[in-house]
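Written out below as structure tokens is the structure these notes cover.
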Amino acid sequence: MTDLVRLTDLVLERDGRAVLSGASLALAAGERLAIVGANGAGKTTLLRAIVGLERAQAGAVALFGEDCLREADFRAARPRIGFLFQDSDDQLFCPSVLEDVAFGPLNAGLGAAEANARATATLERLGIAHLAARFTHRLSGGEKRLVCLAGLLAMEPRVLLLDEPTNGIDAANGARLAAALAAYAGAMILVSHDDAFVAAFATRAMILAEGRLVPGEIHDHPHLHSHPHIHPA
Amino acid sequence: MILPADLRLRLAAAFVAVALVSQLSGLAPALCAAALALTLFALDRQALPWRRLLHLEAFLLLLFLTLPFTIEGRAVVSLGPLSASAEGLARAAVLAGKVTASVLLIALLIGGQEPLHLGRALAGLGLPEPLVRLFVTTARYVGVIGAEARRLHDAMRARGFRARSNLHTWRSYGYLVGMLLVRALERADRVEDAMRLRGFTGRYPRAPLPAPARADWAGAALITGAAALILVWDKL
Chain R
1 MTDLVRLTDL VLERDGRAVL SGASLALAAG ERLAIVGANG AGKTTLLRAI
51 VGLERAQAGA VALFGEDCLR EADFRAARPR IGFLFQDSDD QLFCPSVLED
101 VAFGPLNAGL GAAEANARAT ATLERLGIAH LAARFTHRLS GGEKRLVCLA
151 GLLAMEPRVL LLDEPTNGID AANGARLAAA LAAYAGAMIL VSHDDAFVAA
201 FATRAMILAE GRLVPGEIHD HPHLHSHPHI HPA
Chain E
1 MILPADLRLR LAAAFVAVAL VSQLSGLAPA LCAAALALTL FALDRQALPW
51 RRLLHLEAFL LLLFLTLPFT IEGRAVVSLG PLSASAEGLA RAAVLAGKVT
101 ASVLLIALLI GGQEPLHLGR ALAGLGLPEP LVRLFVTTAR YVGVIGAEAR
151 RLHDAMRARG FRARSNLHTW RSYGYLVGML LVRALERADR VEDAMRLRGF
201 TGRYPRAPLP APARADWAGA ALITGAAALI LVWDKL
């Protein structure tokens, strides 16, 4: 079984500063890998390097067993990788939700009717079919995140890359997001500061520090704590 | 040091000189204007703006290719039914001289200035406040909007988009541009709200600029005077 994603000693510098200096990882089918690290540790850059939006100066990227050297290699692999951006506004660019979700399938060569059907089905699966006709820029933050995810899932990717998926998302939409991710059968790489989310989803964790990845351990232990929350009086 | 240090005088001198140079019709005066502009660059020890010039000269090349064939006159070269006229060639050369001189002058006088300083100088020259604000905020946000466009484009690529010559491509680019405009408009509203929250009432509180030094006046007069003299020579 070949690894879906394999990074070998990736070195990436930006503005003379080393962001990644020898980062390696391997993602096997069905794995859910969490990557944690401080702000600015290079987690987003790592995800961008995986899909070739940022090119490493040294080291190798192999996707689905194929070495990716040129833009054309990455382009061939991208439809099988769904990348959820940190800022949903960076991702939604079509006027309506349905058009945006159908964008990926259209790129994959599906006809308009097929792409729309696929988009509608994906929206239904995520429980947001009622958003289909809405304007993307008028959605709430949580709705935007779910629509972005729908746009990725509509391409039926084998790997999801999630960059801070729970940032700025309310409880109800967060539950929808969690349900959608729980139902997703493929592998994922998850970058998050939300420890509860990581503990619930990840099967393995790695820590990104000083440009390198080292294995981490997810552990769960009971705390006696007070938990502030608000409900209708 | 010939160039005025005061930006208001630089702007005024550039505007007047370019207006005067634009009226030239003789070949010698036009080339003389270009040569003088080059001399100013040399005197100021500034590097020539090659990139800007390259764009410009590519456009001028188009004039050299079309004008000789479209202006009637004494034929110098014949290509089948087409003949290039000496008059057309001369006209293209005059235009090239004038345009090059103007672009060099503008690049030298105001090209390297900070947009914020330019805005202050424009306000100092009495330009209407809304125009100045449009200029300054455009300069401020063009980078932000450019970065937004790059991220959207990255997201499109990540979802397998590739530019081809089909309807899907054109529609996608249309959406991209449309979304950028909508976002820019919304951002403009938010920026205005933030300005209002900090007490903005439509007038930017700018401290008055100090009066220009005597040397600045002399420099501006020299540049506009030279342009005027060339125009007089041209019209005599």
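In the order they appear, the protein sequences are chains R and E. Take the first sequence: its letters are residues 1 to 233, numbered as in full-length UniProt numbering. Take the second sequence: its letters are residues 1 to 236, numbered as in full-length UniProt numbering. Glycine included, C-beta positions come from ideal geometry on N, C-alpha and C. If you're wondering where the values come from, they're calculated on a predicted model, not measured in any experiment.
Check                                                                                                                    : Outcome
Test item: CB-CB of R134 of chain R and V97 of chain R under 7 Å                                                         : yes
Cβ pair count under 8 Å reaching 3, the region 111-127 of chain E against the region 206-220 of chain E                  : yes
Q23 of chain E, buried or exposed, once every other Cβ within 10 Å from all chains shown has been counted against 16     : exposed
Cβ contact check for the region 7-14 of chain E and the region 108-115 of chain E: 3 or more pairs under 8 Å             : yes
Distance CB(L4 of chain R)-CB(A187 of chain R) smaller than 7 Å                                                          : yes
Listed by chain order, chain E residues near G141 of chain R by CB distance under 8 Å                                    : Under the 8 Å cutoff, chain E gives no residues; its nearest Cβ is about 14 Å from G141 of chain R.
L63 of chain R classed as buried or exposed, judged by whether at least 16 other C-beta atoms fall within 10 angstroms   : buried
Under 7 Å by beta carbon: chain R residues contacting Y175 of chain E                                                    : F93, C94, P95
Straight-line Cα distance separating L105 of chain E from D44 of chain E                                                 : 12 Å
Three-way DSSP call (helix, strand, coil) for L213 of chain R in this model                                              : strand
Proximity test, Cβ basis, 7 Å: G104 of chain R and chain E                                                               : yes
Chain E within 7 Å of N107 of chain R, Cβ atoms only                                                                     : yes
Range covered by the alpha helix (DSSP H) that runs through F74 of chain R                                               : 71-77
Where S172 of chain E sits in the DSSP three-state scheme                                                                : helix
Helix, strand or coil at A218 of chain E according to DSSP, with G and I counted as helix                                : helix
Helix, strand or coil at G112 of chain E [DSSP, three-state]                                                             : coil
Sequence-distant residues of its chain with Cβ nearer than 6 Å to T100 of chain E (five each side left out)              : A34
Member of R:A26, R:D87, R:A119, R:V19 whose CA lies at the smallest distance from the CA of T2 of chain R                : R:A26
Closer than 7 Å to chain E by CB, F83 of chain R                                                                         : yes
Contact check, N107 of chain R vs F64 of chain E, beta carbons under 7 Å                                                 : no
Cβ distance (whole Å) where L149 of chain R is taken to contact L84 of chain R below 8 Å                                 : 6 Å
Segments of 4+ residues assigned as alpha helix (DSSP H) that fall wholly inside the region 54-122 of chain R            : 71-77, 97-107
Partners in chain E for G151 of chain R, counting only beta-carbon separations shorter than 8 Å                          : R159
Stretch-stretch touch, CB-based, cutoff 8 Å, three pairs: the region 63-77 of chain R with the region 115-124 of chain R : no
Endpoints, the alpha helix (DSSP H) within which E31 of chain R is located                                               : Here E31 of chain R belongs to no alpha helix (DSSP H), and DSSP marks it neither H nor E.
Straight-line gap, E186 of chain E to A19 of chain E (C-alpha atoms, nearest Å)                                          : 38 Å
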